[in-house]
Structures are given as C-alpha cells and as structure tokens.
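Heads up: the sequence shown begins at 375 in our numbering, then just goes up one per residue.
Quick reminder that beta carbons are idealized off the backbone N, C-alpha and C, glycines included.
The structure appears below as structure tokens.
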Amino acid sequence: KIEITSPVDLLKKGDKVGNSEAALLQKLHIRPFTYGLTLEAIYDNGSIFSPDVLDITDEILKNAFFGALGNIAGLSFATNLPTMASVPHSITNAFKTLVSIAVECDEYSFEKADAYKKAVKK
375 KIEITSPVDL LKKGDKVGNS EAALLQKLHI RPFTYGLTLE AIYDNGSIFS PDVLDITDEI
435 LKNAFFGALG NIAGLSFATN LPTMASVPHS ITNAFKTLVS IAVECDEYSF EKADAYKKAV
495 KK
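Below you can see the structure in the form of structure tokens.
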C-alpha cells in the first residue's frame, strides 16, 4: 500500500520516465504515456488527400447539419410525410388555405381570418 503524505512533482511534461518512476506510477494505476499519429496523407477509394481535409470546424458541422435539416424538411413536405422538420410548414400552409376559404365565404370565418377579410374588402 502507498501512502502519500505531501505533494511531490514526480514528472514534468517532456521528462523521460525512468524505471523507478514507472514502477511508482504503475502502483498508482497511472499510465503516463500518450501516443500520437501524424498524418502525411489520406487514401480513400483511389484518391489521395492532404491531412487538412480532416480539419472540420464547428461552423462546418453546423452548416452541414442545417443543410441536411432543410433537405429533410423539403423531402418530407413534398411527399406529405409529417416530420418534426416539415410540420411547421404544413401547419402554415393549412392556415393559409383556411384563411383563403374564409375570405371567399361570407358564412364561414374565424378570429384570425377576420383581419385578412377586412384587408381584402378594402
């Protein structure tokens, strides 16, 4: 069992780990090693790319997400398949249809359509 009575700097970044330090760290279940990889090129389906194609920022991800969301909304709306992305557009179009019916029919009306009816009659 190991008891630490006062703080001690065992290693600093960049120091080489000796046998005694490695043994102590192993007893503490600390693995002080990190491994890295430096990409020189990326190969995919017969094409070679430079490593900077992997530099994806939050802005790029956000734009791709919103672009995909727009595509989903458009596809869902065009196929009359209700999704979270297409429902607001469907409700807006249904409201416009109801208002146009209310404007044309004197017998039928509702509170939100009255303002449109007054505007059309002027």
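Original post:
According to DSSP, what are the bridge partners of SER421?
Top reply: ASP418
Original post:
If we call anything under 8 Å between Cβ atoms a contact, is LEU451 one with SER464?
Top reply: The residue you asked about is not Leu; residue 451 is Phe in the sequence shown. For PHE451 and SER464, yes; Cβs fall inside 8 Å.
Original post:
Assuming ILE376 contacts LEU402 under a Cβ cut-off of 8 Å, what Cβ separation, rounded to an integer in Å, is found between them?
Top reply: 7 Å
Original post:
If we ignore side chains and look at the alpha-carbon of each, how far apart do ARG405 and ALA438 end up?
Top reply: 38 Å
Original post:
Does the distance from the CB of ILE416 to the CB of PRO425 come in under 8 Å?
Top reply: yes
Original post:
Roughly how many angstroms lie between the CA atoms of ASP480 and LYS492, to the nearest whole one?
Top reply: 12 Å
Subject >> Status (buried if at least 16 other CB within 10 Å, exposed otherwise) for SER460 >> reply: buried
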